[in-house]
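Engineer: According to this note's numbering, the residues represented by the sequence shown are 4 to 507, in order. From the three backbone atoms N, C-alpha and C, an ideal C-beta is built for every residue, glycine too. Note that the coordinates shown come from a computational prediction; the quantities given were computed from them, not determined experimentally.
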Amino acid sequence: MSRLGFLLDSDSCIGCHACTVACKSEHDVALGVNRTWVKYIEKGSFPDVSRHFSVMRCNHCDDAPCIEICPTNALYRADNGVVDFNDSHCIGCKACMNACPYDAIYINPETNTANKCNFCNHRIEQGLEPSCVVVCPTHAISVADLDDPLDPVTSIIAREDVTVRAPEQNTKPKVYYRGADAASLDPLRTAIAPDGLIWADTTADHPTVPPVAGRPDARTTYTTAHTMTWRAKVSGYLVTKGVAAGMMLVAALLVATGHGELGSVSVMAPIVAGVFLAITGVLLVADLKQPLRFHYLLTRSNSRSWLVKGAYILMAFAVCVGISGIGGLMNMAGLVEFMVLPTCAGAIATAGYTAFLFAQCEGRDLWQTRLLGPTLLSQAVLAGAAGFAIADVFGDIGNPIAVRWLLVGACGVTAALIAAEVTSAHEPHVRVAVSEMTAGAYRGKFRVGVVGGVAIPALLTALAMIVGSGTATVLTAIAGVFALVGMWFYEDAFVRAGQSVPLS
Ligand code: SF4
């Protein structure tokens, strides 16, 4: 048994990119993506300047969040400690890319599956060294068996002042750097200048502004592009499952507090929830790079992944919604009442499980906020009340006044949670993400989300409560539309800002 790691000697590295090219050749890595690359940074002002190199790649972490989150066990730990992958199991959900705090994973544009450095494990099995080790002209890359104290490279790691990338993420990386400039390993200490990199312009997803308040320590002059992986479909899924969960929660709340007739809400709510659950499923499958493999979630499940747990939660909730709907349609009050508790539990789980899924995304610190769970629940109630407010235009929803109070209350709680999130003290990574969300690239979406999705609905609903009569129904329905559209804008700002912080 062994536990393999790399020692990367930045003092010896001459930045020739031979390792990058050898890796590309060994693994047929497509254009535009890399399993390993050499990052350049430059420090100082002319004529007192210096350039520093650091080789970037998968850290083969002992506590690998990519393995934890991978729903189909496509990423796995080999016997020699290497984090390897199996293309044929990958569904292209991209969760591993958000879980990895090191930008080590990319989507292979030819196979639409997640790829990364696998330590050339096919070569290791043949007793050969990884291709980057063989090709490096200055012996800057060495393999260590970290379980063998007599291994010469392991003893260098034990003896010398080596460091790892992002140790605060507690992933126990097994790629050690000797002589690396600290700024080259910390993406928050460097920035890509507005005039781009040495040989390339920047891409849309490359942050070009200093990522932390004040001046960056250095300028990044060469690195690779890392495109954002979760976008509008994921933001949409947060809204649609919120509506589904919220419709059932609000229906249960109304009935339980005597504000809703069993007959009126027990048909409408499950129908709307069912439709939005179906849209949720479509969005989730459509976001996969390998959508036809979606059933691997069930047939090759990694039970530790919240993508898998989430799939089971959504299915269980769909069953509850279906049974409740059948009970409502067939006027079986006993069945509907029997289903209230399991349906509520399913709705809460459906609304809230994403907080656990996002918490597994170790590379996206903004998403790991403890306020995410309460925010998702509050948004679900808001979405449900909005759904009821719109449904009020078309038919009987029980007690519209109770719905209005719920709508206003959920707006207030959601606003308070968002305010708490953006005004709390944060560690640097989250500070950058919050700044991008509230004052940077996503500020427009954030403001539409907060003003259009929370403030305006609350005001319109309050106005409706004052004016009463038929105008109130129309005003509250408009408030509902604002709430749902605004929620998508807020979610999209949150999802994108979380991915905006450079990791390499
Ligand atoms: Fe490699 Fe990233 Fe997974 Fe760590 S989390 S093993 S660096 S892919």
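What distance in whole Å lies between the Cβ atoms of D12 and A143, which are believed to be in contact at a cut-off of 8 Å?
Structural biologist: In the sequence shown, residue 143 corresponds to position 140, counting from 1. In the sequence shown, residue 12 corresponds to position 9, counting from 1. Contact flag correct, Cβ pair sits at about 5 Å.
Engineer: May I ask which residues mark the beginning and end of the beta strand (DSSP E) holding I201?
Structural biologist: The residue you call residue 201 lines up with position 198 of the sequence shown. Run containing I201: none; DSSP gives neither H nor E here.
Engineer: Got a sec, what are the start and stop residues for the beta strand (DSSP E) G47 sits in?
Structural biologist: For the purposes of this step, residue 47 is taken as residue 44 along the sequence shown, with counting starting at 1. First-last of the beta strand (DSSP E) with G47: W40 to S48.
Engineer: Between R434, F122, V411 and T474, which lies nearest to N62 when the distance is taken from Cα to Cα?
Structural biologist: In the sequence shown, counting from the first residue as 1, residue 62 sits at position 59. Checked all of R434, F122, V411 and T474; the closest Cα to N62 is F122.
Engineer: Based on the DSSP output, what are the partners of M59 in its beta bridges?
Structural biologist: On the sequence shown, position 56 is the one that residue 59 refers to. W40, per the DSSP bridge assignment.
Engineer: Does any heavy atom of the ligand SF4 sit closer than 8 Å to the C-beta of N111?
Structural biologist: Against the sequence shown, residue 111 aligns to sequence position 108. No, since every heavy atom of the ligand SF4 falls outside the 8 Å radius drawn around the Cβ of N111.
Engineer: Kindly examine the ligand SF4 and report whether one of its heavy atoms sits closer than 8 Å to the Cβ of K46.
Structural biologist: Looking up residue 46 in the sequence shown gives position 43. No - the ligand SF4 has no heavy atom lying nearer than 8 Å to the Cβ of K46.
Engineer: If I follow the unbroken alpha helix (DSSP H) through V416, where does it start and stop?
Structural biologist: Start at 1 with the first residue of the sequence shown, and residue 416 comes out as number 413. Where V416 is concerned, the enclosing alpha helix (DSSP H) stretches over P403 to T426.
Engineer: Out of A247, K97, E29 and R6, which has the shortest C-alpha to C-alpha gap to A389?
Structural biologist: Locating residue 389 in the sequence shown gives position 386, where the first residue counts as 1. Taking only the C-alpha atoms, the option nearest A389 is A247.
Engineer: Would you mind stating whether S503 and E430 have Cβ atoms separated by less than 9 Å?
Structural biologist: Locating residue 503 in the sequence shown gives position 500, counting from the first residue. Locating residue 430 in the sequence shown gives position 427, counting from the first residue. No, the Cβ-Cβ distance between S503 and E430 is not below 9 Å.
Engineer: Going by the DSSP bridge assignment, what does R54 pair with across the sheet?
Structural biologist: Sequence index remark: in the sequence shown, residue 54 carries index 51 (1-based). In DSSP, R54 forms a bridge with E45.
Engineer: Is the Cβ-Cβ distance between Y109 and H20 less than 9 Å?
Structural biologist: Here the question's residue 109 lines up with position 106 in the sequence shown. Here the question's residue 20 lines up with position 17 in the sequence shown. Against a cut-off of 9 Å, the Cβ pair of H20 and Y109 comes out as no contact.
Engineer: Below 7 Å CB to CB, which residues in the same chain sit around Q382 once its five sequence neighbours on both sides are set aside?
Structural biologist: Residue numbering aside, residue 382 sits at position 379 when the sequence shown is read from its first letter. Cβ within range, chain order: G245, T417 and M490.
Engineer: Where do the N-terminal and C-terminal ends of the beta strand (DSSP E) with N111 fall, by residue?
Structural biologist: Stepping through the sequence shown from its first residue, residue 111 is reached at position 108. Counting along the chain, the beta strand (DSSP E) containing N111 begins and ends at Y109 to N111.
Engineer: Checking the sheet assignment: what are the DSSP bridge partners for N118?
Structural biologist: What you label residue 118 is simply residue 115 of the sequence shown in a count that begins at 1. DSSP lists Y109 as partners of N118.
Engineer: Verify whether the separation of the beta carbon atoms of R181 and K119 is less than 9 Å.
Structural biologist: Along the sequence shown, read from residue 1 onward, the residue named residue 181 stands at position 178. Along the sequence shown, read from residue 1 onward, the residue named residue 119 stands at position 116. No, they are not a contact pair.
Engineer: Would you check if the segment 79 to 95 and the segment 284 to 298 touch, i.e. whether three or more CB-CB distances between them fall below 8 Å?
Structural biologist: Taking 8 Å as the limit for Cβ pairs, the verdict is that the segment 79 to 95 does touch the segment 284 to 298.
Engineer: Which of the three DSSP states, helix, strand or coil, is assigned to F9?
Structural biologist: The count along the sequence shown starts at 1 and reaches residue 9 at position 6. Strand.
Engineer: Pick out the complete beta strand (DSSP E) segments inside the segment 161 to 196, 3 residues or longer, and give them in chain order.
Structural biologist: Runs found: 178 to 181.
Engineer: Measure the C-alpha to C-alpha separation of E132 and D14 and round it to an integer number of angstroms.
Structural biologist: Translated into positions along the sequence shown, residue 132 becomes position 129. Translated into positions along the sequence shown, residue 14 becomes position 11. Near 21 Å, if we compare the C-alpha coordinates of D14 and E132.
Engineer: Would the beta-carbon of Y225 be found less than 8 Å away from any heavy atom of the ligand SF4?
Structural biologist: As a position in the sequence shown, residue 225 is number 222, starting the count at 1. Every heavy atom of the ligand SF4 is 8 Å or more from the Cβ of Y225, so no.
Engineer: Could you tell me whether any non-hydrogen atom of the ligand SF4 is closer than 8 Å to the CB of K119?
Structural biologist: Here residue 119 is taken as the residue at index 116 of the sequence shown, counted from 1. The answer is yes for K119.
Engineer: What's the C-alpha gap between A276 and P190?
Structural biologist: If you number the sequence shown from 1, residue 276 lands on position 273. If you number the sequence shown from 1, residue 190 lands on position 187. If you take the alpha carbons of A276 and P190, they lie about 43 Å apart.
Engineer: Would the beta-carbon of Y356 be found less than 8 Å away from any heavy atom of the ligand SF4?
Structural biologist: On the sequence shown, residue 356 is found 353 positions in, with the first residue counted as 1. Y356 Cβ: outside cutoff for every heavy atom of the ligand SF4.
Engineer: Classify S145: buried if its beta carbon has 16 or more other beta carbons within 10 angstroms, exposed otherwise.
Structural biologist: Working through the sequence shown from its first residue, we reach residue 145 at position 142. Buried, by the Cβ-count rule.
Engineer: With a floor of 3 residues, list each beta strand (DSSP E) that falls wholly inside the segment 228 to 284, ordered by position along the chain.
Structural biologist: If we require 3 residues or more, the segment 228 to 284 turns out to have no beta strand (DSSP E) run fully inside it.
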